[in-house]
Amino acid sequence: MGCVAEEKQASRLIVAIDGPAGVGKSTVARLLASRLGYLYLDTGALYRAMAWAVIESGRDPADAEAVATLLPTLSLQMQFHHGAATVLVNGKDVSSDLRTPAVSVAASVVSAVPAVRAWLLPIQRQIGQGGAVVAEGRDMGTNVFPAADVKFFLEADPTVRAQRRHWELVAAGHSRALEETTADLAGRDTRDRSRSIAPLVPAEDARFIDTSALSVAEVVDQMMAVIAARL
Ligand code: DC
C-alpha cells in the first residue's frame, strides 16, 4: 500500500465545485485543495479581474459590444505560490481589489457576455489540464471541466447565504447593511442562473450538498468521503 500523499499525487483528479454566491464554495474548495495537495482554482477571481479591467477602462459592464472590444488588449494571468493565487491584469497585481461589492456585481454582469466566457475558457482549462486541481465556480462541472472526476453542486438557503456574505464583508472592513447584501445576492443569483450561456445549473452527474445547516468541517468531510473513494 503506497502512502496517502503518493496516492493523491498519482491520481491527480479534477474536482469540480459549483454553486451560487455565499454557499461556502471558496472556503471548502481551499480546504479540500490543501488537504489533497492540489491546486485551488478560483474561477470567480478571473471573472472579477475581467470586471475590474472593464470598470478601469471606463466601459459599462452591461455593454457587451464595448466589453468585447477590450478583450484583444487584455492580458490576464493567475500565478500560484504555496497555495495562494495572485491575479495580474496587464501585469498589475489586482488581487486585493477584487472583493468589493462593485466588482462583485460587475463580475456577475460581464460573466453573461458570451465573448468574455469564450475568452476565459482556455485560461481555466490550461490551469486545470494536468489535474490535481479543485476548481470552483458556476460552470465547472457543466462547461469548463465536463469530464471532471468528481463534481459537487452546493446550495444553501438564500437568507443563510446573505448572512454569511454579510459577515465576510464586515470582517473585510466593508460596512454595509445586510439588506443591501441580500439584494445584491438576489440580483447576482437571478443573473447567474438565468443567463443564456453557461448558466448556473448542476451537472447531471454532480453530487448535491445543502450547506444551510452544516458547518464547514461537515461539508468538507462529506466531500472528502466522496473524493477518497476515487483516489
Ligand atoms: O464566485 P464569485 O462570487 O467570485 O464569482 C463572481 C461572479 O463571476 C459570479 O457572480 C458569476 C461569475 N462566475 C461565472 O459566471 N462563472 C464562473 N465559473 C465563476 C464565476
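Counting from 1 along the sequence shown, just add 63 to a position and that's the residue number in the numbering used here.
Don't be surprised by glycine CBs; every beta carbon is placed ideally from N, CA and C.
None of the values given here were measured: they were computed from a predicted structure.
Which residues DSSP lists as bridging residue i, in chain order
i    : result
V152 : L139 and K155
L184 : DSSP lists no partner for L184.
I272 : L217
A198 : A79 and L104
H145 : BP columns for H145 are empty, so no partner.
Expected contact under 8 Å - CB spacing of residue i and residue j to nearest Å
i    : j    : result
A195 : L102 : 6 Å
R207 : R188 : Note that residue 207 is Val in the sequence shown here, rather than Arg. Confirmed, about 6 Å.
I186 : L139 : 7 Å
L104 : E199 : 7 Å
A112 : L161 : 6 Å
G107 : A170 : 7 Å
G204 : A269 : 5 Å
L109 : L184 : Their Cβ separation, rounded to whole angstroms, is 10 Å, which puts L109 and L184 out of contact at 8 Å.
L263 : R201 : 4 Å
S275 : V223 : 5 Å
Proximity test, residue i beta-carbon vs the ligand DC heavy atom, cut-off 7 Å
i    : result
S259 : no
Y103 : no
D220 : no
D247 : no
R239 : no
G200 : yes
S171 : yes
R111 : yes
M286 : no
T205 : no
D212 : no
R251 : yes
Along the chain, which unbroken stretches of the alpha helix (DSSP H) at least 4 residues long are found entirely within the stretch 68-111?
88-99
Residue ranges of each alpha helix (DSSP H) run of no fewer than 4 residues wholly in the stretch 227-268, ordered along the chain?
241-257
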